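Student: Dumping the structure here so I can ask a few things about it.
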Amino acid sequence: MDLAYNRRAQFDYDVFEKLQAGIELTGHEVKSAKKGHLNLAASYIVFHDGEAFMLGMQIPSFQPTNAPPDFDAERTKKLLLKKEEMRYLAGKKQAGFSVIPVRAYTNRGLIKVEVAVARGRKKHDKRELIKKREVKREISRSLK
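Heads up, the sequence shown is in my numbering, so the first residue is 113 and it goes up one at a time.
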């Protein structure tokens, strides 16, 4: 079941490959995420000391009145990947690709994040994509 989807990623990046990663969350965050209260829009992944971390992912408190005093909606979350996958993604990042989260979902009760290896689009590429989409839309309208 999908919890969140990063729609901007499909527009801003050319996605080449996708991997599944677990995510380390606290109890408050898990409950809030399973209700669909999470935002991937401004999130990105960094590698530090052989580990992967997600920054910018927002998970607001499930019950703001009962949230712990040190609760931070945008805290750094550790991604759970195999060493081989981590090395592969870190190598791709060094080669000029971006590593971004595309969607968050549940798999047998666990919250997973789909991570994509992507390359950023230039402004003219985005304009071209919009034009193609508009032409396709016009053709489908005229056929109806």
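Backbone N, C-alpha and C define an ideal beta-carbon position, used for all residues, glycine too.
Here the structure is a predicted model, which means the values were calculated and not measured.
Exposed or buried, Leu-201, counting other C-beta atoms within 10 Å across all chains shown (16 or more means buried)?
Tutor: Its Cβ being crowded by 16 or more others within 10 Å, Leu-201 is buried.
Student: Rounded to whole angstroms, how far is the Cβ of Asn-118 from the Cβ of Ala-153, which I believe are closer than 8 Å?
Tutor: The Cβ separation is near 6 Å, so the contact holds.
Student: Could you tell me the alpha carbon to alpha carbon distance between Leu-193 and Asp-161, rounded to whole angstroms?
Tutor: C-alpha separation (whole angstroms): 14 Å.
Student: Taking C-beta to C-beta, are Asp-124 and Tyr-217 nearer than 9 Å?
Tutor: no
Student: Between the beta-carbon of Ala-121 and the beta-carbon of Ile-223, is there less than 9 Å?
Tutor: The answer is no: Cβ separation not under 9 Å.
Student: Go ahead and pull the three-state DSSP assignment for Pro-213.
Tutor: strand
Student: Quick check on Arg-199: does DSSP put it in helix, strand or coil?
Tutor: Helix.
Student: What is the rounded straight-line gap between the Cα of Asn-151 and the Cα of Gln-170?
Tutor: 5 Å
Student: Starting from the C-beta of Lys-190, find all residues in its chain whose C-beta is less than 7 Å away, skip the five residues before and the five after it, and write them out in chain order.
Tutor: By the criterion of a C-beta distance shorter than 7 Å, Lys-190 is surrounded in its chain by Glu-136, Glu-163 and Phe-165, once the five residues flanking it on both sides are discounted.
Student: Ala-121 lies in the alpha helix (DSSP H); which residues open and close that run?
Tutor: 119 to 124
Student: Among residues of its own chain, excluding the 5 on either side of Arg-231, which ones have a beta-carbon nearer than 6 Å to its beta-carbon?
Tutor: Asp-126 and Phe-209
Student: Among all the DSSP beta bridges, which residues are the ones paired with Met-166?
Tutor: Its beta-bridge partners are Ile-157 and Lys-189.
Student: Does DSSP put Asp-182 in a helix, a strand or coil?
Tutor: Reduced to three states, the DSSP call for Asp-182 is coil.
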